[in-house]
Structure formats: C-alpha cells, structure tokens
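One structure below.
Residue numbers (this note's numbering): 0 to 90.
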C-alpha cells in the first residue's frame, strides 16, 4: 500500500493506493482567499473532520493526517505518508 500527497489544481489530495492499484482519496486541502481548507474523508457525516481558513498548507495537511483517515479505507493506522508530494498527473 502507498499513502501520499498529490498536487491538484487548487491544492493537494491525500491518496491511498491499495495493493491491487485502486486509488482512494482519503483527504484534501485547497487554497482559498482566506487560507486553506482541509478535509479528512469519512464514511459518514462528521463536520469535525473539516476546517476552513487554516493559515498554511503544512498546517492544513497536519490537520488531515491527524485523523488517520486512511484507516477507514483499509490502510494501516500506523502507515507513514510519503514525504515527497507527487505531481498532478493531469498537468
């Protein structure tokens, strides 16, 4: 399994890749006029897993990673996120 951040148009997405190659978005951050919005994915509605107006990209990513959202989608809760951000494949 792989767990990494990937560039996207307005921010980054946190991607979990299963052993069979299936990709699942488990988190996201995006830049807005007021800072960064962060979201840790879940299977149910949980507004506590999202926050708006975070000052920096790194703080927004830390917010998402603190929830270990990948464990809800088959990942090991102790997995480490790869340190390198991958480029946007559509770019």
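Here a beta-carbon is modelled for each residue, glycine too, at the ideal position from N, C-alpha and C.
These numbers were taken from a predicted model, which means no experiment stands behind them.
DSSP places residue 80 in the coil class of the three-state scheme, outside both helix and strand. DSSP places residue 35 in the uninterrupted beta strand (DSSP E) bounded by 34-39. Looking only at 20, 16, 27 and 53, the smallest Cα-Cα distance to residue 7 is reached by 27. DSSP places residue 26 within a strand segment (E or B) once states are collapsed to three. DSSP places residue 73 outside both helix and strand once states are collapsed to three, so it counts as coil. Counting of Cβ neighbours within 10 angstroms places residue 11 among the buried residues, the total reaching 16 or more.
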